[in-house]
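Heads up: the sequence lines are chains L and W, in that order.
Taking my numbering as reference, the numbering of the first sequence is continuous, increasing by one, and the terminal residue is 232.
Taking my numbering as reference, the numbering of the second sequence is continuous, increasing by one, and the terminal residue is 1232.
Protein chains: 2
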Amino acid sequence: MADRARLTRERVVGAALRIVDGEGLDGLSMRRVAEELGVETMALYRYTPSKDDLLDGLVERIFIELEENLSGTPFGAEAVAGAGDEDAPPWREALVAVARAMYRVALAHPNVAPLLALRPFTVPLTRRPPAVLRAHERLLTRLERAGLGERATLDIYRAVISWVLGYILFELREVVDNPDEPEPAFRMGLHRLPVKEFPRLRALGPGLAVRGGEEQLAAGVTALVDRFAPPT
Amino acid sequence: MADRARLTRERVVGAALRIVDGEGLDGLSMRRVAEELGVETMALYRYTPSKDDLLDGLVERIFIELEENLSGTPFGAEAVAGAGDEDAPPWREALVAVARAMYRVALAHPNVAPLLALRPFTVPLTRRPPAVLRAHERLLTRLERAGLGERATLDIYRAVISWVLGYILFELREVVDNPDEPEPAFRMGLHRLPVKEFPRLRALGPGLAVRGGEEQLAAGVTALVDRFAPPT
DNA sequence: GGAGCATCTTTACCTCGTAAACATGCTGTC
DNA sequence: GACAGCATGTTTACGAGGTAAAGATGCTCC
């Protein structure tokens, strides 16, 4: 990991991301990041004012990956940036596409996902990383372009973000109790649940461990949008 | 805070909850809890094996409050526990009622809410606190009682939990940048956003800080349920 | 060639979680 | 009533982690 190349914020965040991806959030410490870069701990502080800031750097990375995933598609930022083209894709499709992309990016970095939920508790909206703000701005722009009123815009904005976030968190929740066990039910530790008290949990068993996947996510987005969009 | 009464797990968790409610999650340390109870730090370890366990204790408290909120109403556990009564309330109403109750309880302890999202990443499903498992069991029971197939049961289970969780997190995200500022826009720090880059965020401004409230939460639940329930 | 700055290192402090050994007083037994 | 044994809380101590402050080192530009 020692690299004679100069330190940069990118490299620091990159090292942090590698560590979190590989060892989980608990494995992330300033000392560990420094080691990964072959540098003394305090050197990092020239590129990030604090560990909290570094965490935001991780979140930003996720959103940058999101942008990369969408750019080039008809749902990328350009489609928004370009003046009010009439040939912009239908906004519902765009919302679904963004939700799907977010899902993929988050599942690609499952250990970072908790931060998507956590950081907003600490960091006020207007202080969130630029890439995050850009995502919000794009979403709002699309809704406004669609001719939705302010009320509907805010409702759908809230609904879509809530749904995507909650869905991702739910998909990533831990269900494996004993990783060495091949039998799904034992693997989940279902035998630990008293049958008397938890018959359904046991009956549904491994079905609880199955992911919903992108399709269900998409279905939810459209259901919510249809509910909160005005009944044109 | 020194209290000559004997220590118990309830008292330890209770003290932790007071601290988190009052000072935030960051204010919670084993030493601080001990101080709150007028006791030495290590005394706590006779009642909780670790701080992580204590965090789960906080989550459990939330779910116990949830149960208290619902008990007595037609949506409480009894309605589920009683054998297949035909007079059980319509299951959709029950889901909405549970969602609303969860919302109220979570907003009553905003500082604990992050744990609702976080703990499941660490604690495997079958090791979650009993009150949490009971909530899952009740939900699954209701869906099964409604005659939904396994597939629909799992889909709705996932959808409702995801939505409620995501919605709560979204409602509780920080939007205040400068608490001392009375003017809403400045209070949010909107002036910090470049107009060129973030016109919508600025235009919608304080509308972004407005809560969706219980009604929107309920609307989302029904929208999702209708979408994922079979088209009877 | 030397002043001055950017970059990284050294030291050190404080907070935390928690292991291990210890003190203390109550319980129940004979 | 004395004492063994245990439950309850305390003392001490270690190691990990975030980060402040001052120091070393070498490159840039006059």
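Virtual Cβ for every residue (Gly too), placed ideally from N, Cα, C.
Note that the structure is a prediction, hence the values are computed from the model and not measured.
Span separating the alpha-carbon of residue i from that of residue j
{"i": "histidine 1109 of chain W", "j": "phenylalanine 1121 of chain W", "result": "20 angstroms"}
{"i": "tyrosine 1167 of chain W", "j": "glycine 166 of chain L", "result": "7 angstroms"}
{"i": "valine 1020 of chain W", "j": "valine 1033 of chain W", "result": "10 angstroms"}
{"i": "threonine 48 of chain L", "j": "arginine 1202 of chain W", "result": "27 angstroms"}
{"i": "alanine 1209 of chain W", "j": "valine 1175 of chain W", "result": "6 angstroms"}
{"i": "proline 1194 of chain W", "j": "glycine 57 of chain L", "result": "20 angstroms"}
{"i": "arginine 1018 of chain W", "j": "tyrosine 1045 of chain W", "result": "19 angstroms"}
{"i": "leucine 169 of chain L", "j": "serine 1162 of chain W", "result": "7 angstroms"}
{"i": "glutamate 67 of chain L", "j": "serine 1029 of chain W", "result": "39 angstroms"}
{"i": "alanine 1159 of chain W", "j": "glutamate 1040 of chain W", "result": "45 angstroms"}
{"i": "glycine 1149 of chain W", "j": "arginine 127 of chain L", "result": "46 angstroms"}
{"i": "alanine 1043 of chain W", "j": "valine 1012 of chain W", "result": "10 angstroms"}
{"i": "tyrosine 157 of chain L", "j": "glutamate 171 of chain L", "result": "21 angstroms"}
{"i": "leucine 125 of chain L", "j": "proline 1199 of chain W", "result": "15 angstroms"}
{"i": "alanine 1219 of chain W", "j": "glutamine 216 of chain L", "result": "18 angstroms"}
{"i": "leucine 1139 of chain W", "j": "aspartate 1180 of chain W", "result": "43 angstroms"}
{"i": "asparagine 1111 of chain W", "j": "arginine 119 of chain L", "result": "13 angstroms"}
{"i": "glycine 76 of chain L", "j": "glycine 147 of chain L", "result": "19 angstroms"}
{"i": "leucine 1025 of chain W", "j": "glycine 14 of chain L", "result": "28 angstroms"}
{"i": "leucine 1143 of chain W", "j": "leucine 204 of chain L", "result": "12 angstroms"}
{"i": "alanine 1016 of chain W", "j": "alanine 1117 of chain W", "result": "18 angstroms"}
{"i": "glutamate 1035 of chain W", "j": "aspartate 1053 of chain W", "result": "19 angstroms"}
Span of the alpha helix (DSSP H) around residue i
{"i": "tyrosine 103 of chain L", "result": "91-108"}
{"i": "glutamate 40 of chain L", "result": "Counting along the chain, glutamate 40 of chain L falls outside any alpha helix (DSSP H), and DSSP gives it neither H nor E."}
{"i": "threonine 1153 of chain W", "result": "1150-1172"}
{"i": "proline 49 of chain L", "result": "Proline 49 of chain L -> no alpha helix (DSSP H), and no H or E assigned at all."}
{"i": "alanine 223 of chain L", "result": "213-228"}
{"i": "phenylalanine 1186 of chain W", "result": "1184-1188"}
{"i": "arginine 1192 of chain W", "result": "Run containing arginine 1192 of chain W: none; DSSP gives neither H nor E here."}
{"i": "leucine 233 of chain L", "result": "Outside the modelled stretch of chain L, which goes from 1 to 232, sits residue 233 of chain L, for which no answer is possible."}
{"i": "glycine 1076 of chain W", "result": "Segment: none, glycine 1076 of chain W is in no alpha helix (DSSP H) and carries neither H nor E."}
{"i": "phenylalanine 1121 of chain W", "result": "1113-1122"}
{"i": "alanine 1015 of chain W", "result": "1009-1023"}
{"i": "alanine 209 of chain L", "result": "First-last for alanine 209 of chain L: undefined, no H or E at that position."}
{"i": "alanine 5 of chain L", "result": "First-last for alanine 5 of chain L: undefined, no H or E at that position."}
{"i": "leucine 1263 of chain W", "result": "One cannot answer for residue 1263 of chain W here, as it falls past the ends of chain W, which runs 1001 to 1232."}
Cutoff 8 angstroms: residue i Cβ touching any chain W Cβ
{"i": "methionine 30 of chain L", "result": "no"}
{"i": "glutamate 144 of chain L", "result": "yes"}
{"i": "glycine 213 of chain L", "result": "no"}
{"i": "glycine 76 of chain L", "result": "no"}
{"i": "alanine 53 of chain L", "result": "The sequence as given places aspartate at residue 53 of chain L; alanine does not occur at that position. For aspartate 53 of chain L, the answer is no, since every Cβ of chain W falls outside 8 angstroms of its Cβ."}
{"i": "leucine 224 of chain L", "result": "yes"}
{"i": "aspartate 21 of chain L", "result": "no"}
{"i": "histidine 109 of chain L", "result": "no"}
{"i": "leucine 208 of chain L", "result": "yes"}
{"i": "arginine 100 of chain L", "result": "no"}
{"i": "valine 175 of chain L", "result": "yes"}
Neighbourhood of residue i by C-beta, 7 angstroms cutoff - its chain only, sequence neighbours within 5 removed
{"i": "proline 206 of chain L", "result": "Pro184, Ala185, Met188"}
{"i": "leucine 950 of chain W", "result": "Missing from the structure shown is residue 950 of chain W; chain W here goes from 1001 to 1232 and no further."}
{"i": "valine 1105 of chain W", "result": "Ile1062, Glu1065, Leu1066, Asn1069"}
{"i": "threonine 141 of chain L", "result": "Val80"}
{"i": "lysine 51 of chain L", "result": "Met30"}
{"i": "valine 1123 of chain W", "result": "Asp1056"}
Cutoff 6 angstroms; reference residue i; Cβ partners in own chain excluding five residues on either side
{"i": "proline 1164 of chain W", "result": "First, the residue type needs correcting, since residue 1164 of chain W is valine and not proline in the sequence shown. Ala1099, Met1102."}
{"i": "arginine 1227 of chain W", "result": "none"}
{"i": "alanine 1097 of chain W", "result": "Phe1075"}
Chain L contact for residue i (CB, 8 angstroms cutoff)
{"i": "aspartate 1180 of chain W", "result": "no"}
{"i": "glutamate 1093 of chain W", "result": "no"}
{"i": "glutamate 1150 of chain W", "result": "yes"}
{"i": "leucine 1007 of chain W", "result": "no"}
{"i": "glycine 1220 of chain W", "result": "yes"}
{"i": "aspartate 1056 of chain W", "result": "no"}
{"i": "threonine 1073 of chain W", "result": "no"}
{"i": "leucine 1133 of chain W", "result": "yes"}
Cβ-based neighbour list, residue i, same chain, cut-off 8 angstroms, excluding 5 preceding and 5 following
{"i": "valine 225 of chain L", "result": "Arg92, Leu95, Ile156, Ala159, Val160"}
{"i": "threonine 8 of chain L", "result": "Tyr47"}
{"i": "proline 1130 of chain W", "result": "Glu1060"}
{"i": "alanine 152 of chain L", "result": "Leu143, Phe228, Ala229, Pro230"}
{"i": "glycine 27 of chain L", "result": "Ile19, Val20"}
{"i": "histidine 191 of chain L", "result": "Ala185"}
{"i": "glycine 1212 of chain W", "result": "Tyr1167, Phe1170, Glu1171"}
{"i": "aspartate 177 of chain L", "result": "Arg187, Met188, Gly189, Arg192"}
Check your understanding: When you check each C-beta in the segment 152-173 of chain L against every C-beta of chain W, which residues fall closer than 9 angstroms?
Key -> Thr153, Leu154, Asp155, Tyr157, Arg158, Ala159, Ile161, Ser162, Trp163, Val164, Leu165, Gly166, Tyr167, Ile168, Leu169, Phe170, Glu171, Leu172, Arg173
Practice item. With 9 angstroms as the limit, tell me which residues of the segment 1183-1205 of chain W have their beta carbon closer than that to any beta carbon of chain L; keep them in chain order. Key: Residues Met1188, Gly1189, Leu1190, His1191, Arg1192, Leu1193, Glu1197, Phe1198, Pro1199, Arg1200, Leu1201, Ala1203, Leu1204.
Practice item. Please name the residues in the segment 1112-1130 of chain W whose beta-carbon is closer than 7 angstroms to at least one beta-carbon of chain L, in chain order. Key: Residues passing the 7 angstroms Cβ filter: Pro1114, Ala1117, Leu1118, Pro1120, Phe1121, Thr1122, Val1123, Pro1124, Leu1125, Thr1126, Arg1127.
Exercise for review: Taking only beta carbons into account, state which residues of the segment 31-52 of chain L come closer than 8 angstroms to chain W, listed in chain order.
Suggested key: Within the segment 31-52 of chain L, no residue has its Cβ closer than 8 angstroms to any Cβ of chain W.
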